[in-house]
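In this note's numbering, the protein residues as written are 1 to 258.
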């Protein structure tokens, strides 16, 4: 999303934003905090100022501020998914998103999966909060746009509700596991957690997800176990580490391209 489109959400023009930046150029912390509050990314600041993103990052770094902290603003995922974009979709086992004549599984519905996952969390009462918008303004118009979600291919109106993010969360995990077979999954899940940000892990998962089987091999009960286990890990991490923004950022899908 362009800076112009994003600023319009607050009734602010690019020239007005530039005037603010110029007036506060000697106060990088003020600019950083306002940018963080309104989800104005490094690229948007670059567009507003007509300076390169590297200059913007260096400007903040000179004051001990990490510009990368401004760039994770999307509710679903903050990685460039590229060819994996279509893994992100609503849970087709939900009545609202099922396709006519398509077999759906009640045990894989968002409602059922929620019932399995929530009691297993370190703090079950925190479940709902992780599906809230990342920023309060994101729900103001009642819908989530592509930039707010972090994906551009969903050509339907996404209602600004926890239920939307929940369905996208579970639907995407189901799609992810559907692309893996047992021989691919075993080394992924056995990879040391501390090494899951490594290039080796990223390359392995990326290759595994790129080789999609002609038919999903998992029976419903096995898929439920996979999705529930992964969901518990991800949601616990989201609750315990507030620096994680997108609900799919730390999933195998997010790490494959992050």
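We put the CB at the ideal spot given by N, CA and C, even for glycine.
Item, Value
"Distance between residue 8 and residue 223 (C-alpha atoms, nearest Å)", "43 Å"
"Residue burial classification, residue 249 (beta-carbon count within 10 angstroms, cutoff 16)", "buried"
"Three CB pairs or more closer than 8 Å across the stretch 148-156 and the stretch 8-25", "no"
"Residue 153, enclosing alpha helix (DSSP H) - first and last residue", "Taken as a continuous stretch (DSSP letters only), residue 153 belongs to no alpha helix (DSSP H), as it is neither H nor E."
"Residue 151 versus residue 171 - alpha carbon distance", "14 Å"
"Residue 143, DSSP secondary structure in three states", "strand"
"Cutoff 7 Å; reference residue 232; Cβ partners in own chain excluding five residues on either side", "117, 120, 121"
"Length of the line joining the Cα atoms of residue 17 and residue 81", "30 Å"
"Residue nearest to residue 218 in terms of C-alpha spacing, selected from 176, 187, 244, 235", "176"
"Local Cβ density within 10 Å of residue 78, reported as buried at 16 or more and exposed below that", "buried"
"For residue 245, three-class secondary structure by DSSP", "coil"
"Contact under 8 Å by Cβ, residue 87 with residue 97", "no"
"Proximity of residue 73 and residue 57 at Cβ, strictly below 8 Å", "no"
"Bridge partner(s) assigned by DSSP for residue 108", "The partner list for residue 108 (beta bridge, DSSP) is empty, contrary to what the question assumes."
"At least three beta-carbon pairs within less than 8 Å, the stretch 24-34 to the stretch 177-190", "no"
"Opening and closing residue of the alpha helix (DSSP H) in which residue 36 lies", "28-37"
"Cβ contact (3+ pairs, closer than 8 Å) linking the stretch 135-145 and the stretch 57-68", "no"
"Per DSSP, the bridge partner or partners of residue 180", "Answer is none; residue 180 lacks a bridge partner."
"Local Cβ density within 10 Å of residue 147, reported as buried at 16 or more and exposed below that", "buried"
"Residues sharing a beta bridge with residue 158, DSSP", "144"
"For residue 99, the three-state DSSP class (helix, strand or coil)", "coil"
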